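So the sequence shown is numbered by the working numbering: it starts at 40 and just counts up by one.
The C-beta atom is built at its ideal place from N, Cα and C for all residues, glycine as well.
Keep in mind that this is a model prediction, so the values were computed, not measured.
Here is the structure we will look at.
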Amino acid sequence: MARIYDYFLGGKDNYAADRAAAARILEVIPHAPEMARANRAFLGRVVRHLVGVGIDQFLDLGTGLPTRENVHEVATEARVVYVDNDPVVLVHARALLADSPRTEVVEGNLHDPERILADAGEYLDFGRPVAVLLMAILHFFPDDAEVAAIVAALRRPLAPGSCVAVSHGHAGELPPDWRRRGRAVYAGTYAGGAAGRGKEHLAGWLDGLELVPPGIVPVQKWHSTEETPDPTAVGVLGAVGFVPH
Ligand SMILES: C[S@@+](CC[C@H](N)C(=O)[O-])C[C@H]1O[C@@H](n2cnc3c(N)ncnc32)[C@H](O)[C@@H]1O
Numbered sequence: 040m041a042r043i044y045d046y047f048l049g050g051k052d053n054y055a056a057d058r059a060a061a062a063r064i065l066e067v068i069p070h071a072p073e074m075a076r077a078n079r080a081f082l083g084r085v086v087r088h089l090v091g092v093g094i095d096q097f098l099d100l101g102t103g104l105p106t107r108e109n110v111h112e113v114a115t116e117a118r119v120v121y122v123d124n125d126p127v128v129l130v131h132a133r134a135l136l137a138d139s140p141r142t143e144v145v146e147g148n149l150h151d152p153e154r155i156l157a158d159a160g161e162y163l164d165f166g167r168p169v170a171v172l173l174m175a176i177l178h179f180f181p182d183d184a185e186v187a188a189i190v191a192a193l194r195r196p197l198a199p200g201s202c203v204a205v206s207h208g209h210a211g212e213l214p215p216d217w218r219r220r221g222r223a224v225y226a227g228t229y230a231g232g233a234a235g236r237g238k239e240h241l242a243g244w245l246d247g248l249e250l251v252p253p254g255i256v257p258v259q260k261w262h263s264t265e266e267t268p269d270p271t272a273v274g275v276l277g278a279v280g281f282v283p284h
């Protein structure tokens with residue numbers, strides 16, 4: 040997943056098998072590279088916004104391969120914990136961060152959020168606000184109930200003033216047989232599948248949090264004047280919600 044995404048972002052940390060999978064995705068979603076870039080730009084704007092409102096602790100779940108505007112490069116004064124389960128991501132992240140004292144790389148699987156929280160708790164103070172970043176990862180968890188449980192578990196320890204930021208693929212009005220083809224590609228990764236989800240899902244996960252305007256929108260529209268994407272096309276939704284005081 041990380042290496043397919045790296046390929047879409049124009050990176051070089053991908054293998055032939057990743058490029059072959061990417062080619063199959065491009066047959067179904069020709070604008071996948073633009074979606075990847077829009078998602079990455081959203082991540083940068085979110086982190087910049089959060090730094091601006093005083094957040095200085097980040098838990099970045101599903102970090103991906105280092106590219107431009109990694110969280111610790113935007114939030115330069117913050118403590119950042121990167122979590123991923125892809126060994127290639129972990130090697131790159133550790134190399135990049137070798138001389139970055141406020142940043143930690145933790146091997147973790149989001150299927151076990153409690154374990155991640157316990158490990159991250161060695162570096163982050165959950166008694167103070169923490170930003171939990173779930174960028175372009177939850178769509179690799181095909182089971183709706185599991186995703187809801189993961190987000191609930193991650194929200195549980197958060198102090199007032201903390202926040203959860205999410206970006207997530209949605210299928211637009213892709214014909215069902217195309218959706219199946221798209222899912223089939225990710226069935227060959229260790230995620231075992233992928234699922235597009237709509238606004239109502241994000242609203243459920245962030246229920247009870249104070250959403251930063253403009254709420255749950257295509258990532259291109261969040262604090263940006265980028266062109267509005269075709270709402271019927273496959274795309275990425277994003278939102279940020281704060282734990283109320
Ligand atoms: C599409 S990339 C997104 C990278 C980054 N968050 C971004 O938005 O630019 C998804 C990342 O999630 C990671 N990932 C997928 N399933 C995971 C799991 N169960 N536990 C931890 N990380 C996972 C992949 O290894 C990959 O690095």
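Selected residue, minimal CA-CA separation from residue i, among the options
{"i": "Phe47", "options": "Arg76, Ala55, Pro105, Ala56", "result": "Arg76"}
{"i": "Leu213", "options": "Arg222, Val90, Ala55", "result": "Arg222"}
{"i": "Leu135", "options": "Val251, His111, Ile94", "result": "His111"}
{"i": "Gly277", "options": "Pro283, Pro152, Val251", "result": "Val251"}
{"i": "Ser206", "options": "Ser263, Val224, Arg79", "result": "Arg79"}
{"i": "Ala184", "options": "Asp123, Val119, His240, Ser263", "result": "His240"}
{"i": "Ile43", "options": "Val67, Pro72, Glu66", "result": "Pro72"}
{"i": "His288", "options": "Asp246, Val279, Glu249", "result": "In the structure as shown, the chain starts at 40 and stops at 284, and residue 288 therefore has no counterpart that could be examined."}
{"i": "Thr264", "options": "Ile176, Phe81, Arg63, Pro283", "result": "Phe81"}
{"i": "Glu161", "options": "Val85, Gly243, Cys202, Gln96", "result": "Gln96"}
{"i": "His70", "options": "Gly200, Gly274, Asn148, Asp45", "result": "Gly274"}
{"i": "Asn109", "options": "Val86, Leu129, Ala41", "result": "Val86"}
{"i": "Val171", "options": "Met40, Asp125, Asp45, Val282", "result": "Val282"}
Residue i beta carbon near ligand 1 (any heavy atom closer than 7 Å)
{"i": "Val122", "result": "yes"}
{"i": "Leu82", "result": "yes"}
{"i": "Asn53", "result": "no"}
{"i": "Asp183", "result": "no"}
{"i": "Asp125", "result": "yes"}
{"i": "Leu149", "result": "yes"}
{"i": "Arg79", "result": "yes"}
{"i": "Phe27", "result": "Any question about residue 27 goes unanswered here, given that the chain covers just 40 to 284."}
{"i": "Ala56", "result": "no"}
{"i": "Gly101", "result": "yes"}
Three-state secondary structure assigned by DSSP to residue i
{"i": "Val145", "result": "strand"}
{"i": "Asp45", "result": "helix"}
{"i": "Tyr162", "result": "coil"}
{"i": "Leu65", "result": "helix"}
{"i": "His284", "result": "coil"}
{"i": "Asp99", "result": "strand"}
{"i": "Glu112", "result": "helix"}
{"i": "Glu73", "result": "helix"}
{"i": "Asp216", "result": "helix"}
For residue j and residue i, the rounded distance between their alpha carbons
{"i": "Pro270", "j": "Pro257", "result": "8 Å"}
{"i": "Asp182", "j": "Gly93", "result": "34 Å"}
{"i": "Val169", "j": "Val224", "result": "34 Å"}
{"i": "Ala132", "j": "Asp216", "result": "37 Å"}
Heavy atom of ligand 2 within 7 Å of residue i beta-carbon
{"i": "Ser263", "result": "With respect to ligand 2, the structure shown offers nothing to examine, as its ligands consist of ligand 1."}
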